[in-house]
Amino acid sequence: MVDSRIQQAIAAGSVPSDITAEYLGESRDRPSIIGIVFVTALTFLVVVTRLISRSFIVQRIGIDDVLAAVSLALLICFVGLSIELIKLGSGRHFAFIEYVLDVPTVLRTQVLDFVAHILYTTALLLCRISGLAFYYRVCGLHNNFLIAIKVVFCILVAGFLPQIFLLIFHCKPVTGYWPYGWEPVAPRYTCLQWGIVYSVNSSVSLLCDLLLFGIPIAMLRTLEMSRKRKIQLAGILLPGVAVIAISIARLVLVILGQWETDESWSYDPMLGVEASEIGATLIALSVPGAKPLFDKIVFKKDDSQTSGASHYGRKTSSFRSRGTALSNLRFQTNSQHSILGSEQEEGQKYGAETSAMAGSRHGEGGDGIYVQVDFDIKEARVNTTTPSLNSR
Numbered sequence: 001m002v003d004s005r006i007q008q009a010i011a012a013g014s015v016p017s018d019i020t021a022e023y024l025g026e027s028r029d030r031p032s033i034i035g036i037v038f039v040t041a042l043t044f045l046v047v048v049t050r051l052i053s054r055s056f057i058v059q060r061i062g063i064d065d066v067l068a069a070v071s072l073a074l075l076i077c078f079v080g081l082s083i084e085l086i087k088l089g090s091g092r093h094f095a096f097i098e099y100v101l102d103v104p105t106v107l108r109t110q111v112l113d114f115v116a117h118i119l120y121t122t123a124l125l126l127c128r129i130s131g132l133a134f135y136y137r138v139c140g141l142h143n144n145f146l147i148a149i150k151v152v153f154c155i156l157v158a159g160f161l162p163q164i165f166l167l168i169f170h171c172k173p174v175t176g177y178w179p180y181g182w183e184p185v186a187p188r189y190t191c192l193q194w195g196i197v198y199s200v201n202s203s204v205s206l207l208c209d210l211l212l213f214g215i216p217i218a219m220l221r222t223l224e225m226s227r228k229r230k231i232q233l234a235g236i237l238l239p240g241v242a243v244i245a246i247s248i249a250r251l252v253l254v255i256l257g258q259w260e261t262d263e264s265w266s267y268d269p270m271l272g273v274e275a276s277e278i279g280a281t282l283i284a285l286s287v288p289g290a291k292p293l294f295d296k297i298v299f300k301k302d303d304s305q306t307s308g309a310s311h312y313g314r315k316t317s318s319f320r321s322r323g324t325a326l327s328n329l330r331f332q333t334n335s336q337h338s339i340l341g342s343e344q345e346e347g348q349k350y351g352a353e354t355s356a357m358a359g360s361r362h363g364e365g366g367d368g369i370y371v372q373v374d375f376d377i378k379e380a381r382v383n384t385t386t387p388s389l390n391s392r
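Position 260, counted from 1, in the sequence shown is what the UniProt record's numbering calls 260; the numbers after and before it change by one each time, with no gaps.
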């Protein structure tokens, strides 16, 4: 069925004779909306699972969980604006926008796009900071990783500032419009090209994703464990690699949107990719936090086998026998102290969320430090001459 707006525009003589109603009626709106809603629903499910797991299984909510929840709220707002933009016709052929939509509607879509991408940029920043907070909670007492996390945080904030300033100050004087050139308001503004601003922002976003998801790769390279366990751990820590592919796809779509003749035709897929980028980032960073609840429900593990706050301080043997793929992580280090810190440091750093324990030298001849967050991290050092922590 032909859109009534197209019929009215043709009847009014607004559409050139060489442009058919069938061409103007072509649309990718429905599959784009379905894809966006699916990604959002999946993200909502994973993040809520994470929050339930952290609240009732681990029994501790961290700043990373709070930031993830705020990011989810921003994603929902972004998705609402995206669906409205799609319904208004922002993703149709450019001829549809130029000849069928009236000027007030075109200007409205530009303002909605402006607001949506401020939300998008802010949501991504909060997602990434949430990821850094998670990494800090896991291995923040490793000096090298601590420095890397701080450096990446500074880069994320430094990258966010030009992104947001380019969006806000893309026109002089400042406006939410992004005039195509044929609207009556166009002569009032001097604006940067839409594609230039979004290409720069997409490039910065890609760099931030490479840095953020490079941290777990570095963690895996530093760990001393069998190849099988590394593969198991990678399955939990490395879903973020997919986010990098999504960032690249967005950059390609932005370039197509600016420098192709039919510049608006790639807009619907771009909105879908942007929603997927936020969603995939949240999912990738929420998988470890959701795992305790997943283990409890799917694998029927009791509280002693999950990471509940009430179970810190159990014997070393229980960690060895009941650990999951995330439960025994040993970092390479030549230090005489655990890479995750001493017993005193652990207590000061994490309070009730950490526990330092030592096993007998008869079985392994090593002391161990166990940190339990969403999972357990073990640092073992073979030293048959040093007394155990229990004897100090």
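The C-beta atom is built at its ideal place from N, Cα and C for all residues, glycine as well.
With H, G and I counted as helix, E and B as strand and the rest as coil, what does DSSP make of threonine 175? coil
For threonine 190, three-class secondary structure by DSSP: strand
What's the call for serine 266, buried or exposed, on a 16-neighbour Cβ count within 10 Å? buried
What do you reckon, are the CB atoms on serine 264 and phenylalanine 94 nearer than 7 Å? yes
Distance CB(leucine 101)-CB(glycine 89) smaller than 7 Å: yes
Quick check: is any heavy atom of the ligand ZN less than 6 Å from the C-beta of phenylalanine 134? For the ligand ZN, the structure offers nothing, since it holds no ligand at all.
Which one of Gly25, Val152, Phe96 has the shortest CA to CA distance from leucine 125? Val152
Leaving out five residues before and five after valine 197 in sequence, what residues of the same chain have Cβ atoms less than 6 Å from its Cβ? Leu166, His170
Just to confirm before moving on: does the CB-CB distance between leucine 293 and threonine 49 stay below 7 Å? yes
Contacts around valine 273, its chain only, beta-carbon distance under 8 Å, and the 5 residues preceding and following it disregarded: Ile246, Ala249, Arg250, Leu253
DSSP three-state assignment for glutamate 26, whether helix, strand or coil: coil
To which residues of the same chain is valine 15 closer than 6 Å at the C-beta, ignoring the five residues directly before and after it? Ala9, Tyr99
Within 10 Å of its beta-carbon, does glutamate 22 have 16 or more other beta-carbons around it, so buried, or fewer, so exposed? exposed
According to DSSP, is glycine 365 helix, strand or coil? Model confidence at glycine 365 stands at a pLDDT of 39, short of 50, so the residue's coordinates are unreliable and nothing is read from them.
Might you give, ordered along the chain, the residues of its own chain that have their beta carbon closer than 8 Å to the beta carbon of alanine 218, omitting 5 neighbours on each side? Phe145, Ala148
Helix, strand or coil: how does DSSP classify glutamine 59 here? coil
What three-state label does DSSP hand alanine 12 in the structure shown? coil
CA nearest to the CA of threonine 281, picked from Met270, Lys296, Ile244: Ile244
On the three-pair Cβ rule with 8 Å, is the stretch 105-118 touching the stretch 41-55? no
In the DSSP assignment, the alpha helix (DSSP H) including leucine 256 goes from what residue to what residue? 241-259
Which stretch, first to last residue, makes up the alpha helix (DSSP H) that contains tyrosine 136? 103-139
Please identify the residue among Ser27, Gly181, Ile297, Ile283 whose C-alpha is closest to the C-alpha of valine 47. Ile283
Taking only the alpha-carbon atoms, compute the straight-line gap between serine 17 and tyrosine 180 and give it to the nearest angstrom. 22 Å
Indicate the three-state DSSP secondary structure (helix, strand or coil) for glycine 181 in the structure shown. coil
Segment limits, alpha helix (DSSP H) that includes aspartate 295: 267-298
Please state whether DSSP places aspartate 18 in a helix, a strand or coil. coil
Residues in the same chain with beta-carbon distance under 7 Å from phenylalanine 96, minus the five sequence neighbours each way, listed in chain order, please. Leu24, Gly89
Cα-Cα separation between leucine 192 and glutamine 232, rounded to whole angstroms: 47 Å
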